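Below is one structure, written out as structure tokens; the observations come after it.
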Amino acid sequence: MKTENNKKYILALDSSTPWLSVAISEGQEAKISLLHYARENHSRYLFDHLEYIKKEYSLQSNNLEAIIVGTGPGSFTGVKIGVCVAKAIAFSYQLPLVGFSTLESLVLEAIKASPFPKNLEKLLPVIHHKKEEIFWVDLDWKACREEIQPITRVNTGSIQEFMTKYVHCKGLVVSPFSFLRKHFEKSESGLLFMQAFPQALRLIEIYQQRKNKEITNIENIFRVRPIYGAKPF
Numbered sequence: 460m461k462t463e464n465n466k467k468y469i470l471a472l473d474s475s476t477p478w479l480s481v482a483i484s485e486g487q488e489a490k491i492s493l494l495h496y497a498r499e500n501h502s503r504y505l506f507d508h509l510e511y512i513k514k515e516y517s518l519q520s521n522n523l524e525a526i527i528v529g530t531g532p533g534s535f536t537g538v539k540i541g542v543c544v545a546k547a548i549a550f551s552y553q554l555p556l557v558g559f560s561t562l563e564s565l566v567l568e569a570i571k572a573s574p575f576p577k578n579l580e581k582l583l584p585v586i587h588h589k590k591e592e593i594f595w596v597d598l599d600w601k602a603c604r605e606e607i608q609p610i611t612r613v614n615t616g617s618i619q620e621f622m623t624k625y626v627h628c629k630g631l632v633v634s635p636f637s638f639l640r641k642h643f644e645k646s647e648s649g650l651l652f653m654q655a656f657p658q659a660l661r662l663i664e665i666y667q668q669r670k671n672k673e674i675t676n677i678e679n680i681f682r683v684r685p686i687y688g689a690k691p692f
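Remember, the working numbering sits 459 above the position in the sequence shown when you count from 1.
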């Protein structure tokens, strides 16, 4: 068990997709970053991971700075579990709760990856919804490399609708769902595909970039809203 004094930790979690992620950092220093293919068993594994981290770092209200949560879009149940658990922790410890779209963590994963062709025009983070339906956002590649803007609304549609719109686009599709590659990297398409997973640690990095009085207000416990579909609910 860690018993460091005067430490302020940031706890983050994301259960919006089949990949459950939990992370904790002390300021800019990552302490733990877990990624677990939980499929549909988020509640079972999430509490186990949180209990381990709580014991390992003796977490309590006086050594936590904030709770961060991925707000979706993604699995309805997964998003709901993550946001509800994060709200419960923040409320019980009376800590600020901050929510960022899961798609934003994918944006940061792409930016931190190896160099891509200079002629890229768009960054298209994608999360599978159900059957042939997906969630995505349409972002300017160059603008994203300068600053990741908050995502509050997302597009919802079929894979075919997506391909019709972007087939001639020089874009990078980033998604944890590898089976989508066969759709996006067709010979006639100008799209590239990168597999990346929603990492709770990336949510902490976004929090560090945007941290201010507005998003660290304790009242955010009641303002953070999950994104189940094309807009927050």
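Here a beta-carbon is modelled for each residue, glycine too, at the ideal position from N, C-alpha and C.
Predicted, not measured: the structure shown is a model, and the values here were computed from it.
The alpha-carbon separation between Pro657 and Lys629 amounts to approximately 23 Å.
A distance below 6 Å between beta-carbons, with the five flanking residues on each side excluded, links Phe594 to the following residues of its chain, in chain order: Pro532, Ile586, His588, Val613, Thr615. Burial check for His627: the Cβ neighbour count within 10 Å stays below 16, so the residue is exposed.
Per DSSP, Gly529 is one residue of the beta strand (DSSP E) stretching across 523-529. In the DSSP assignment, Asp507 falls outside any beta strand (DSSP E) and lies within the alpha helix (DSSP H) extending over 501-515.
Taken in chain order, the complete beta strand (DSSP E) segments of 3 residues or longer contained in the stretch 526-604 are 556-559, 581-589, 592-595. For Ile618, the enclosing alpha helix (DSSP H) starts and ends at 618-625. For Gln553, the closest C-alpha among the options Gln519, His495, Glu580, Lys581 is that of Gln519. Only buried fits Phe559, as 16 or more other CB atoms lie within 10 angstroms of its CB. If you draw a straight line from the Cα of Tyr687 to the Cα of Lys539, it comes to about 8 Å.
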